[in-house]
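K.L.:
All residue numbers for the sequence shown refer to this note's numbering, where the first residue is 14 and numbers rise by one.
What follows is a single structure, and I will ask about it in a moment.
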Amino acid sequence: MKNSKVIILILTIGVFGILNTEMGFIGLIPEIAKHFNVSTSTAGWLVSAFAIGIAISGPILPLLMSKFERKKVMVLVLTIFVISNIISVFTTSFAVLLIARIIPAIFHPVYTALAFSVAANTVEEKEAPKAVSRVFIGVSAGMVVGVPIVNFLASHFNLQIALAFFAVINVIVLVLTILFVPTMQPNETQSYSTQLSVLKRPLTWISIIAALVFNGAVFGVYSYLTDYLNTVTNMSGNLVAITLFLYGISNIGGNILAGKLLTIIPKKTMLCLPFGLIIVYVLMFSFGSFLVPMLIITVLWGLLAGLNTNITQFMVTDAAPDAPDLSNGIFLSSVNVGTTLGTFIGGLFITTLGSNFVVCVGIIASVLNILLIIIRHKHSQTPIISN
């Protein structure tokens, strides 16, 4: 496809805007609670409701909209995000703000799933993992960079300026999409029943479960990283911020590395990831109380986490290449469920054993994933040793 680099760049900025809208609210919860005069736990529903919306709509909307022209769908979703962002800036009602979060959350998987499949379709088949990895840079940036940016804007200006940042990014992407993204018809017009038939394959379900468990292994620990750095490593606030930034940068590096590895040795990459996570978590448990080792461990962990996002997407879509929009939507739902379950189980380890033992959820999930990857290999056609 002509101008594939431009299209992939727009998609990368687009998923940054979408993920920034999702994750950026994490850095605004205290300000929102104060501004709308609600409790912190109530304000936290703005994050939880968004995640629930994604998990529910992920397998459904991408499938329903898979027959429509892709540019029109992307413009529709971005318009919904822009309108919701603008409402969030000006509303004085927490209930309205919550609704303005739920509606775009429902459409989140549509744009993100399309971004992955369109990126893959703009290049030759063998280069598809690299193209998708570039889009994942936007995902990682949206998850990591958005939080400190809006937190800075809220603390140095006000909440409305921070909320306006979401709208500005999505307006930019909307304009770029209208101007530079060409009309794109779906690759094949398949019936919904034909696309849903991929769910009859054992390989699809093994891949979905593996993706869920992989995300639980990463986010079951990462969700409590700030607490871990405070209580186990005894870091100051500034050092915690620096460490989180290092994690984010190395995460993006992992996205880039994954694009290359999944193009050359996909099965070996999938198999090596859980072993790498186990090593990192054992090192955290052993040396997490020491500053310099923990900084090094965090960089390695961020690199593996970046690999994780690409590998989980690759596993699910590789199992159902004939239904890319559906499989990308299922991928988004499965990893969101994995994040929720991993965070819950990680919290149980902290409550019962202490903060240092949160790594246990990552170790247990990684061991389970070794078994799942081996089982997945048996259901695939190409042996691991061949690539």
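Glycine included, each C-beta is placed from N, C-alpha and C at the ideal position.
1. Which term fits P215, buried or exposed, when burial requires 16 or more other beta carbons within 10 angstroms of its beta carbon?
2. Whose C-beta lies closer than 6 Å to the C-beta of A6 among residues of the same chain, with five residues either side of it excluded?
3. Look at the alpha carbon of S393 and the alpha carbon of V372, and state the distance between them as a whole number of angstroms.
4. Sort L127, V160, S206 and S153 by Cα distance to V194 and report the nearest one.
5. To the nearest angstrom, how far is the alpha carbon of A177 from that of S168?
6. How do the segment 59 to 79 and the segment 27 to 41 stand: do at least 3 beta-carbon pairs fall below 8 Å, yes or no?
7. Can you tell me whether T105 is helix, strand or coil according to DSSP?
8. Would you decide whether V305 is buried or exposed? Buried here means 16 or more other CB atoms lie within 10 Å of its CB.
9. Can the beta-carbon of G342 be found closer than 7 Å to that of G71?
10. Go through its chain and collect everything with a Cβ distance to R114's Cβ below 7 Å, but skip five positions before and after it.
11. At which residues does the alpha helix (DSSP H) containing G229 begin and terminate?
12. Using a threshold of 7 Å, state whether the C-beta atoms of I386 and L296 are closer than that.
13. Would you call Q173 buried or exposed, if buried means 16 or more other Cβ atoms sit within 10 Å of its Cβ?
14. Check for me: the alpha helix (DSSP H) holding G37 runs from which residue to which?
15. Quick check: the segment 258 to 267 against the segment 207 to 214, are there 3 or more CB pairs under 8 Å?
16. Please state the DSSP three-state secondary structure of Q198.
17. Along the chain, where does the alpha helix (DSSP H) containing F49 start, and where does it finish?
18. For I116 versus S97, is the C-beta distance shorter than 7 Å?
19. Quick check: the segment 322 to 334 against the segment 268 to 278, are there 3 or more CB pairs under 8 Å?
P.N.:
Taking the definition as stated:
1. For the purposes of this step, residue 215 is taken as the residue at position 202 of the sequence shown. P215 should be labelled exposed.
2. Coverage of the chain is limited to positions 14 through 400, which leaves residue 6 absent and any answer about it impossible.
3. Translated into the one-based positions of the sequence shown, residue 393 becomes position 380. Translated into the one-based positions of the sequence shown, residue 372 becomes position 359. So the alpha carbons of these two residues sit roughly 31 Å apart.
4. Residue mapping note: residue 194 aligns to position 181 of the sequence shown, counting from 1. In this structure, L127 is the residue among L127, V160, S206 and S153 with its C-alpha nearest to the C-alpha of V194.
5. Your numbering for residue 177 matches position 164 in the sequence shown. Your numbering for residue 168 matches position 155 in the sequence shown. For the pair A177 and S168, the Cα-to-Cα distance works out to about 14 Å.
6. yes
7. For the purposes of this step, residue 105 is taken as the residue at position 92 of the sequence shown. Correct three-state label for T105: coil.
8. Mapped onto the sequence shown, residue 305 falls at position 292. Exposed is the call here.
9. Numbered from 1 along the sequence shown, position 329 holds the residue referred to as residue 342. Numbered from 1 along the sequence shown, position 58 holds the residue referred to as residue 71. The answer is yes: Cβ separation under 7 Å.
10. To locate residue 114, count along the sequence shown from 1; it is residue 101. If we look at R114 and ignore the five residues flanking it on each side, its Cβ neighbours are L59, A62 and F63.
11. Taking the sequence shown and counting its residues from 1, one reaches residue 229 at position 216. Start and end: P215 to Y235.
12. Walking along the sequence shown from the start, residue 386 turns up at place 373. Walking along the sequence shown from the start, residue 296 turns up at place 283. Not a contact, by the Cβ cut-off of 7 Å.
13. Taking the first residue of the sequence shown as 1, we reach residue 173 at position 160. Exposed.
14. Position 24 of the sequence shown, counted from the first residue, corresponds to residue 37. Where G37 is concerned, there is no enclosing alpha helix (DSSP H), given that its DSSP letter is neither H nor E.
15. no
16. Against the sequence shown, residue 198 aligns to sequence position 185. Look at Q198 here: in three-state DSSP terms it is coil, with no helix or strand label.
17. Working through the sequence shown from its first residue, we reach residue 49 at position 36. Looking at the DSSP string, F49 is not in any alpha helix (DSSP H), and its letter there is neither H nor E.
18. Reading the sequence shown from its first residue, position 103 is the one you call residue 116. Reading the sequence shown from its first residue, position 84 is the one you call residue 97. Yes, they are a contact pair.
19. yes
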